[in-house]
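Order-wise, the sequence lines are chains Y and P. If you read the first sequence in the working numbering, its first letter stands for residue 1, the second for the next number, and so on. If you read the second sequence in the working numbering, its first letter stands for residue 1001, the second for the next number, and so on. For reference, the structure is listed below as structure tokens.
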Amino acid sequence: MGKEMHPTPMLDQLEDGPWPSFITGIKRLAKKNDMMVDLLGQLEHSYETRKGYWKGGTVGVIGYGGGVIPRFSEIASAFPESKEFHTIRIQPPAGMHYDSAVMRKLCDVWDEFGSGLIAFHGQSGDIMFQGITSDNVQPAFDVINEMGFDMGGAGPAVRTGMSCVGSARCEQSCCDEQEILRSLVNNFLDDMHRPALPYKMKFKVSGCPNDCMNAIERADFAVIGTWRDDIKVDQDAIKAFIADKGRDYVANNVISRCPTNAIALNEDDTVTIENRNCVRCMHCINVMTKGLSVGDDTGITILIGGKRTLKIGDLMGTVVVPFMKVDTEEGIEKVVELAEEVIDFFAENALEHERTGEMIERIGLVNFLEGVGVDVDPNMVAEPRQSSYFRGDGWDEAAKEWYANKAERAS
Amino acid sequence: MSAPRMPDETGVPEPFQYMHPTMKENYGKWAWHDRPRPGVLHHVAQSGDEIWTVKFGTQRQMDTATITKICDIADEFADGFFRFTMRSNVEMMVADQSKVDPLIAKLGEEGFPVGGTGNSVSMISHTQGWLHCDIPGTDASGVVKAMMDLLHEDFIKEDMPNRVHITTSCCQINCGGQGDIAINIQHTKPPKINHELVANACERPTVVARCPVAAIRPAMVDGRPSLEVDEKKCICCGACFPPCPPMQINDSEHSKLAIWIGGNHSNARSKPSFQKLVAAGIPNNPPRWPEAGSIVKKILATYKEDAKGWERINDWVERIGWPRFFELTGLPFTKYHVDNWRGARHSLNSSTHIRF
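Below you can see the structure in the form of structure tokens.
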């Protein structure tokens, strides 16, 4: 302790300005922890040379094959105290709720064993305990684990998931987000803690189509709350909104913004909604938060295959289940069963380092659906096929199956 | 020797133990909400219970003293409870309206910006960068600190046409995700290969397989097994660098920043959309990245001036058209804006819909 600070003229410039400064925080830690003195030195060197100087390695805890992100400095001779600067990924409570008692304990653990620097949260949703030596990883994890927190995912594995605040505080919530997330992730802890999948597999749960968790664009398995009955309308609240904002405001910001022209403004300052043509986009409900609300017959839509750029470019999830009820244990069990099918198929059929969406792109959606036992549905496509180059000699059976399934659904 | 401790494989913690009592009691039974002022949400439950949420920004990478300070404020004003949003903002909930103003005052004293609600520019979601990543082309926390200093007023007010989500990524894998505005590394030169190290450090077939454009092949160089890159084919994406660090893609001069706009995760109005390139070749210029900052400010000012109410950036450009976007922002339109990736023809204009 008490190592002399390196000069950091570039980083010092990040202490000015109105936004909270991570540099000021790291400097505070450096007063009591030499690791952070050298960490600042290495970071300043990165700023000067515009290069990173960390390399990976193998560090873990007993019983698990992943979850620790090893970092060894390539310039440890100049900055020896931060030569090992690993991260431990810990799964947060669903919805990222904390109380001060548990948070103070987490801080104590990290002050005792690590650097004192914690990120809330990483892009996958983990609490990132940043900066610890190899020797301290196991004792730090043991204490955190005994507090009721478990390791997150890394590598080719089920990853830490995320769910929105949802039912805890949002009237737009259409499902029990935290229950669905915990049921999914906690069913696949073996696939999280012992990485053996082709590549990563992410679950994210948003309680409504606003998709605050960016699930469609980022999750291999996206669960989005929705409803299939009518939007609830409180006409008195609508009238009050119009009295406050004016008819023009409502016409220009609500009525004309409906993507399917499903909402009309009436002479008497009420609204009429053509619910059969509503696509549950949420816009009108987002603007008129008291007058309009989601329906009562709620459930979820599941989209599969969202991911970031590596390797074939960004992909969005595709609808695989247009609607299912999840308000009972059996309902949630069915979601978990589908996830088991998806992960089994992914494990069997994806190439190394290939995400679910890329596998679907390679083999076609229909092969994927047949593999996981889901029937085709027109809600899965933006439009039917344009190319005439296809082989349709199974058409009659497929049409028969469609009518049979339709009859079964009707009965 | 005693048996080693095996982990308790408990998974995602149950959140009710850490949830504000008013939220727990009204779980799944909320009726409506409004926003009394920027930075504050007011939710009313079907039971008539009310809760006020005060939202404030953080630096994401926090020292324990900062976290302890947040705990102290929560204990004093919010019954000890708080939660994080996915953009690293903190939400503190109070069931007593009279605590809202004192809480805001206290947060102001302690240097936490209150805002990020409604039609504001929220905190930038970002990656690890030079502080911790093994493949970063730039810093993340530093870029974000510099940008949020510039955007502070836009965070604490709600005077954008709709909400603006900004992301940053320190490599082209784009871990920062999709944003209304994204500030991402864009490499402009093929990797420089250290042939002495490839044989020992890299599993060559894996590296060959990782290339999106099949530009890498095994080769013997100076009698050693190594790899070579067809530099005409190479798109400088850096995908070979993580599995093979001797293929050095990061370059202090030639790793630039690019800015993308119009990524929107929400289904509101239009379907979710991915971001599109608007500017590249921007210097990666620590510690404050002024060139990138001024382009972001220009885009935001143009959006604020020209967009109609509730238009997100993608909605706005969809209405006015891309030629007008480049005209209004003064950004150059180049051959690099024309996509040539798979499926790119769908991004071309096959109509006479042209605004004169």
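The beta carbon of each residue, even a glycine, is placed where N, CA and C say it ideally should be.
So, helix, strand or coil for residue i, using DSSP?
i         : result
P/TYR1336 : helix
P/ARG1342 : coil
Y/MET5    : coil
Y/GLU341  : helix
Y/GLN178  : helix
P/GLN1186 : strand
P/ARG1224 : strand
Y/ALA243  : helix
Y/ASN187  : helix
P/ASN1264 : strand
P/ALA1201 : helix
Y/MET380  : helix
P/ILE1070 : helix
P/GLN1017 : helix
Y/ARG159  : coil
Y/VAL372  : helix
Y/SER73   : strand
Y/GLU352  : coil
I'd like the list of long-range same chain contacts for residue i, defined as Cβ closer than 7 Å, with 5 residues on each side in sequence excluded.
i         : result
Y/SER173  : GLY166, SER167, GLY207, CYS208 and GLY225
Y/TRP110  : GLY116, ILE118 and PHE129
Y/ILE75   : GLN42, HIS45 and TYR53
P/GLN1186 : GLN1172, LYS1256, LEU1257, ALA1258 and ALA1280
P/ILE1216 : VAL1207, VAL1208, LEU1227, VAL1229 and CYS1240
P/LEU1348 : none
P/ALA1074 : GLY1080, PHE1081, PHE1082 and MET1092
P/PHE1325 : VAL1317
P/THR1188 : CYS1236, HIS1254 and LYS1256
Which whole-angstrom value describes the C-beta separation of residue i and residue j, a residue pair presumed to lie in contact below a C-beta threshold of 8 Å?
i         : j         : result
P/LEU1103 : P/ALA1065 : 20 Å between Cβ atoms; not a contact.
Y/LEU197  : Y/ALA157  : 6 Å
P/THR1068 : Y/ARG104  : 7 Å
P/ASN1250 : P/GLY1137 : 5 Å
Y/ILE180  : Y/VAL319  : About 17 Å separates the two Cβ atoms, so there is no contact after all.
Y/GLY148  : P/THR1010 : 6 Å
P/PRO1242 : P/ILE1135 : 5 Å
P/GLU1318 : P/ASN1162 : Wrong, their Cβ atoms sit about 13 Å apart, outside the cutoff.
P/SER1270 : P/ASP1315 : 6 Å
P/TRP1052 : P/VAL1094 : 5 Å
P/ILE1124 : P/THR1167 : 6 Å
Y/ARG218  : Y/ARG308  : 7 Å
P/ARG1210 : Y/HIS6    : At roughly 36 Å, the Cβ-Cβ gap does not stay under 8 Å, so P/ARG1210 and Y/HIS6 are not in contact.
Which two residues bound the contiguous alpha helix (DSSP H) that contains residue i?
i         : result
Y/SER134  : 134 to 146
P/PRO1021 : 1021 to 1025
Y/MET359  : 356 to 363
P/PRO1102 : 1100 to 1109
Y/LEU43   : 34 to 49
Y/ARG28   : 22 to 30
Spatial neighbours of residue i within its chain, please: C-beta separation below 8 Å, excluding the five flanking residues on both sides.
i         : result
P/ARG1224 : HIS1195, GLU1196, VAL1198 and ALA1199
Y/PHE345  : PHE368, GLY371 and VAL372
Y/ILE302  : PHE221, ALA222, VAL223, ILE224, VAL319, VAL320, VAL321, MET324, VAL335 and LEU338
Y/GLY63   : HIS193
In the DSSP assignment, the beta strand (DSSP E) including residue i goes from what residue to what residue?
i         : result
P/SER1169 : 1166 to 1169
Y/TRP227  : 221 to 227
P/ALA1045 : 1040 to 1045
Y/ALA404  : No beta strand (DSSP E) holds Y/ALA404; the alpha helix (DSSP H) holding it covers 395 to 410.
P/GLU1051 : Sequence inspection shows Ile at residue 1051 of chain P; the Glu mentioned does not correspond to that position. 1050 to 1056 is the extent of the beta strand (DSSP E) around P/ILE1051.
P/ALA1031 : 1030 to 1037
P/GLN1061 : 1061 to 1063
P/MET1093 : 1090 to 1094
Y/PHE323  : 318 to 324
P/ARG1083 : 1081 to 1084
Using C-beta distances below 6 Å, list every residue in its chain close to residue i, excluding the 5 sequence neighbours before and after it, in chain order.
i         : result
Y/THR8    : LEU40 and GLU44
P/THR1127 : ALA1140, SER1169, CYS1170, CYS1175 and GLY1176
Y/ASP234  : GLY291
P/LYS1233 : VAL1213 and ALA1215
P/ALA1292 : ILE1183, LEU1257 and ILE1282
Quick one: is the Cβ of residue i within less than 6 Å of any heavy atom of the ligand ATP?
i       : result
Y/PRO18 : Absence of the ligand ATP from the depicted structure is noted, as is the absence of any ligand whatsoever, leaving it without description.
Can you list, in chain order, the stretches of the beta strand (DSSP E) that have 3 or more residues and sit fully within the stretch 86 to 134 of chain Y? For the stretch 86 to 134 of chain Y, the full-length beta strand (DSSP E) segments reaching 3 residues or more read 87 to 90, 97 to 99, 117 to 120 and 127 to 130 along the chain.
Segments assigned alpha helix (DSSP H), at least 4 residues, entirely inside the stretch 1133 to 1175 of chain P: Whole alpha helix (DSSP H) segments, 4+ residues: 1141 to 1150 and 1152 to 1156.
Segments assigned alpha helix (DSSP H), at least 4 residues, entirely inside the stretch 262 to 316 of chain Y: As far as the stretch 262 to 316 of chain Y is concerned, its whole alpha helix (DSSP H) runs of at least 4 residues are 283 to 287.
Report the start-end ranges of each beta strand (DSSP E) in the stretch 1271 to 1325 of chain P that is 3 residues or longer and not cut off at the edges. Residue ranges of uninterrupted beta strand (DSSP E) with 3 or more members, entirely inside the stretch 1271 to 1325 of chain P and ordered along the chain, are 1276 to 1282.
Could you tell me which uninterrupted beta strand (DSSP E) segments, each at least 3 residues in length, are contained entirely in the stretch 193 to 217 of chain Y, listed from first to last along the chain? Segments of the beta strand (DSSP E) lying fully in the stretch 193 to 217 of chain Y: 203 to 206.
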